[in-house]
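Numbers 2 to 297, taken from this note's numbering, label the letters of the sequence shown in order.
We put the beta carbon where it would ideally sit given N, CA and C, even for glycine.
Because the structure is a prediction, the values reported are computed rather than measured.
Here's the structure we're looking at; comments come further down.
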Amino acid sequence: MLARVGSMEVHLSRLDLLAEFANEIRQEFGLPVLDVQEPGRKIELALELAVLADAAGKLNLSKKWKEEQRKRLLARRYLKLLEKSIDRLPVTEEQIEAAYEKEWEKVASGQDSDIIVPTRTDAMVVAIGYNPDLQPPEDEEKAVLDAGEAKRVADVARKVLQDAGRDTDLFLERVRGLMEHNPTLRVLQLWKMPVNPRLSRLPGQLRGTLQSIGEGQLSPAVATGGGVFIVRRGVTLQGKGERLAQVKERIIGLVKKERKRSHVKRHIEKLRKKFGARTWPDKLSGDLLEEKGDGK
Numbered sequence: 002m003l004a005r006v007g008s009m010e011v012h013l014s015r016l017d018l019l020a021e022f023a024n025e026i027r028q029e030f031g032l033p034v035l036d037v038q039e040p041g042r043k044i045e046l047a048l049e050l051a052v053l054a055d056a057a058g059k060l061n062l063s064k065k066w067k068e069e070q071r072k073r074l075l076a077r078r079y080l081k082l083l084e085k086s087i088d089r090l091p092v093t094e095e096q097i098e099a100a101y102e103k104e105w106e107k108v109a110s111g112q113d114s115d116i117i118v119p120t121r122t123d124a125m126v127v128a129i130g131y132n133p134d135l136q137p138p139e140d141e142e143k144a145v146l147d148a149g150e151a152k153r154v155a156d157v158a159r160k161v162l163q164d165a166g167r168d169t170d171l172f173l174e175r176v177r178g179l180m181e182h183n184p185t186l187r188v189l190q191l192w193k194m195p196v197n198p199r200l201s202r203l204p205g206q207l208r209g210t211l212q213s214i215g216e217g218q219l220s221p222a223v224a225t226g227g228g229v230f231i232v233r234r235g236v237t238l239q240g241k242g243e244r245l246a247q248v249k250e251r252i253i254g255l256v257k258k259e260r261k262r263s264h265v266k267r268h269i270e271k272l273r274k275k276f277g278a279r280t281w282p283d284k285l286s287g288d289l290l291e292e293k294g295d296g297k
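And the structure:
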């Protein structure tokens, strides 16, 4: 015997188990978990549990309540052992990559992710359309500008705007000046635009431009069916978790959590079948539902 508290004794054969139980209770109530590698701490934890158990034994609690608590502790202990066996299973690279991709899919669908916050920027797109509506011309001969003319206007615009990329007011002022002489030139302001191409609201050919340039820089002129476009990247709000290497440990934690949830659910269903569990919900009575007693 290592210690005694009232009628409760602490023996070496049960020391590890008692210390583990004590730490579980500490964790549940937000108390610091002690290092069980130190023998002295093990005894301290076991003694703590014995004190609590001895104090509880002196309360006026019904036998029925005690039996229900015994079942609760046994069920909890069983799940803890099951949890340990699940945690020993390896997490594969394929599982990690699949879970990380799932987080990206959440972000792309407009849901919040605890792992990924996309980098965003205040973007502007200077468009030199073949026609003022920026739509592909049905008849090239009737277009206001042909491809060559639109490219020349874009080259001039890029030179004029090149050193104004970091100053939004100056940039817009110069764009307005260009618009006075070019009837098909337009500017599109896109606030909080995701930089990552898979989240971008830009047309297909332009999606990669924001990622390829830095803050305050302009993209090369990009020709599309409707005209020639220049993208400007403005003030950038840096995201997090956009590379797997940055959040790999958190993703592993997610995989383990989801795996544990699904394994436990399947295991309980398996036990229900194994032991032939049956229910008779029609026999529930008001007396049963109103039964008092947290145990006294």
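For Trp192, the enclosing beta strand (DSSP E) stretches over residues Leu186 to Pro195. Where Val108 is concerned, the enclosing alpha helix (DSSP H) starts and stops at Glu94 to Ala109.
In this chain, the alpha helix (DSSP H) harbouring Leu255 covers Leu245 to Lys275. Ranking Met2, Tyr101 and Leu74 by CA distance to the CA of Gly254 puts Tyr101 first. The C-beta distance from Lys193 to Arg77 rounds to 46 angstroms, too long to fall under 8 angstroms, and the pair is not in contact. By the neighbour-count definition (other C-beta atoms within 10 Å, threshold 16), Asn61 is an exposed residue. For Ala158, the secondary structure class from DSSP, reduced to helix, strand or coil, is helix. Burial state of Arg273 is exposed, judged by a 10 Å Cβ sphere holding fewer than 16 other Cβ atoms. In the structure shown, Met2 adopts coil according to DSSP, grouped into three states.
Its chain contains Asp88 and Val92 as the residues whose beta carbon lies nearer than 7 angstroms to that of Lys257, once the 5 sequence neighbours on both sides are disregarded; these appear in chain order. For Ile129, the three-state secondary structure derived from DSSP is strand.
Counted as a single uninterrupted DSSP element, the beta strand (DSSP E) harbouring Val236 occupies residues Gly228 to Leu238. The secondary-structure analysis by DSSP pairs Leu219 across a beta bridge with Arg233. The Cβ neighbour count for Trp105, taken over all protein chains shown within 10 Å, is at least 16; the residue is labelled buried.
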